[in-house]
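There are 2 protein chains.
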Amino acid sequence: MKILKERIMKDGFIIGTKVLKVDSFLNHQIDVELFNEIGKEFKRRFSDDEVTKILTVEASGIGIACIAAQYFKVPVVFAKKHEATNLDSEVFESEVYSFTKNKNYKIRVSKQFLKKEDKVLIIDDFLANGNAAKGLISIVKQAGAEPTGVGIVIEKAFQDGRSKVEETGVRVESLAIVESMCEGNIVFK
Amino acid sequence: MKILKERIMKDGFIIGTKVLKVDSFLNHQIDVELFNEIGKEFKRRFSDDEVTKILTVEASGIGIACIAAQYFKVPVVFAKKHEATNLDSEVFESEVYSFTKNKNYKIRVSKQFLKKEDKVLIIDDFLANGNAAKGLISIVKQAGAEPTGVGIVIEKAFQDGRSKVEETGVRVESLAIVESMCEGNIVFK
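Chain order of the listed sequences is F and S.
When you line the first sequence up against the working numbering, it's residues 718 to 906, in that order.
When you line the second sequence up against the working numbering, it's residues 718 to 906, in that order.
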């Protein structure tokens, strides 16, 4: 997706060879116009799939999922990362290790909002080690529903997330695939 | 906002006289079509104000803010609740007490994304005790920017959030104002 790659080149900030900060348009400040282009592109790539629900995880995935859902005309469900007193005790749950935060956390979805007849498109901002995506796929499968695909905005191809997700049999579509990075330069696939 | 009040009556779940769960369409599963109506209504109510940015706080505010931002044609910035290694150390910060979670947490916005020339509309899902809204107003003021208003989806008028926000001189617009609740019944203002 040309417009996205250009934006990453222009406004992305690279630290070392592994960290790509896209805070200015993707996951702290949000360029809603760009998100609309991202949403359209997800719809184009998954146009042959029946999708009844979009699933993401808080927090950065929510904006992307909501804007994309306008093109799929389906509801969004976002997995919650923390135990909240207001969340129903009847939940599907996965444990996820975050390298960014260097800790395990649980992601949870109320059983009310995923049913066995659902066809679920998983959307997230980044794919790196694949832990979050695998956790979301596990939650969809716990519900007896079908994960129809994983849509990612930025994939770090130098980490093993894609192969770990594809091992589960679910298709991955990433709008920008970073093969390598070093200060001031990004090589896209 | 009639369509919102009807939806709260139909799908809201009341616990005791203070807790209103709207997980099925607002803050766990998201009805994106309803969010578009909410976004249009915020635009109508704040149509006389110049707005250059929408500010919210993770996680439940993000979807509402992103959809609403399409009608204002401005970027969204969301305050982060947790210290993330990827967040810039140069931040505006506020401490917020959450009654729901019974603890203090910090909300932070990178100084890069709020400038003194910004006119900032604050959007959130709930207004109850007003702590989150006041924290966001403080962050806007720390930036030297102008908080043009606070747009709320559901206000609990039996808590003192509105008066606490209005004391700061900022206008509050709530799309559904709950005066009182008890099992099976909600009285709107």
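Using N, Cα and C, we set each Cβ at its ideal position, and we do this for glycine too.
These numbers were taken from a predicted model, which means no experiment stands behind them.
Cβ-Cβ distance between residue i and residue j below 8 Å
i, j, result
"residue 899 (chain S)", "residue 780 (chain F)", "no"
"residue 834 (chain S)", "residue 775 (chain F)", "no"
"residue 840 (chain S)", "residue 732 (chain S)", "no"
"residue 794 (chain S)", "residue 749 (chain F)", "no"
"residue 856 (chain S)", "residue 796 (chain S)", "yes"
Candidates the options, of which the one nearest residue i by Cα
i, options, result
"residue 884 (chain S)", "S:735, S:854, S:905", "S:854"
"residue 786 (chain F)", "F:808, F:757, F:814", "F:757"
"residue 745 (chain F)", "S:798, S:882, S:817", "S:798"
"residue 852 (chain S)", "S:830, S:881, S:720", "S:881"
"residue 868 (chain F)", "F:815, F:764, F:814", "F:764"
"residue 858 (chain S)", "S:718, S:811, S:821", "S:811"
"residue 735 (chain F)", "F:755, F:877, F:861, F:814", "F:877"
"residue 879 (chain S)", "S:856, S:848, S:719", "S:848"
"residue 862 (chain S)", "S:766, S:831, S:722", "S:831"
"residue 773 (chain F)", "F:824, F:754, F:845", "F:824"
"residue 850 (chain F)", "F:829, F:819, F:888", "F:888"
For residue i: DSSP bridge partner residues
i, result
"residue 752 (chain S)", "Paired residues: none, contrary to the question."
"residue 796 (chain S)", "S:774"
"residue 781 (chain S)", "Its beta-bridge partners do not exist; DSSP assigns none."
"residue 746 (chain F)", "S:794"
"residue 825 (chain F)", "F:797, F:810"
"residue 905 (chain F)", "F:895"
"residue 838 (chain S)", "S:771, S:866"
Sequence-distant residues of its chain with Cβ nearer than 7 Å to residue i (five each side left out)
i, result
"residue 726 (chain F)", "903"
"residue 768 (chain S)", "789, 791, 836, 838, 865"
"residue 724 (chain S)", "742, 751"
"residue 778 (chain F)", "795, 840, 841, 842"
"residue 814 (chain S)", "821, 848"
"residue 846 (chain S)", "816, 876, 877, 878"
Own chain partners of residue i with C-beta closer than 6 Å, once the 5 adjacent residues on each side are dropped
i, result
"residue 871 (chain F)", "843, 893"
"residue 967 (chain F)", "This structure gives no information on residue 967 (chain F), because the portion of chain F shown stretches from 718 to 906."
"residue 738 (chain F)", "730"
"residue 801 (chain F)", "The predicted position of residue 801 (chain F) is uncertain, since its pLDDT is 48 and thus under 50; a value taken from the coordinates is nonetheless stated next. Excluding positions up to five away in sequence, the list is empty."
"residue 759 (chain S)", "785, 868"
"residue 820 (chain F)", "none"
Proximal residues to residue i (C-beta, below 8 Å), its chain only, five neighbours per side dropped
i, result
"residue 906 (chain F)", "874, 894, 895, 896"
"residue 886 (chain F)", "none"
"residue 754 (chain F)", "718, 720, 721"
"residue 766 (chain S)", "836, 838, 865, 866"
"residue 740 (chain S)", "730, 746"
Neighbouring residues, chain A, relative to residue i (Cβ below 8 Å)
i, result
"residue 797 (chain S)", "In summary, chain A is missing from the structure at hand, where the protein chains are F and S."
Distance cut-off 7 Å: residue i Cβ against heavy atoms of the ligand FAD
i, result
"residue 832 (chain F)", "Ligands displayed in this structure: none; no statement on the ligand FAD is therefore possible."
Using a beta-carbon distance cut-off of less than 9 Å, what residues from the region 730-749 of chain S approach chain F?
Going along the region 730-749 of chain S in chain order, one finds 732, 736, 738, 740, 741, 742, 744, 745, 746, 747, 748, 749 with a Cβ nearer than 9 Å to chain F.
Given a limit of 8 Å on CB to CB distance, which residues of the region 771-786 of chain F reach chain S?
775, 776, 779, 780, 782, 783, 784, 786
Residues of the region 858-869 of chain F with a CB closer than 8 Å to any CB of chain S: list them in chain order, please.
none
Against chain S: residues of the region 811-829 of chain F by CB proximity under 9 Å:
817, 818, 819, 826, 827, 829
In the region 751-765 of chain F, which residues sit with their C-beta less than 9 Å from some C-beta in chain S, listed in chain order?
752, 753
Which residues of the region 885-904 of chain S have a Cβ closer than 8 Å to any Cβ of chain F? Give them in chain order.
none
For the region 837-853 of chain F, which residues have a CB atom closer than 9 Å to at least one CB atom of chain S, in sequence order?
none
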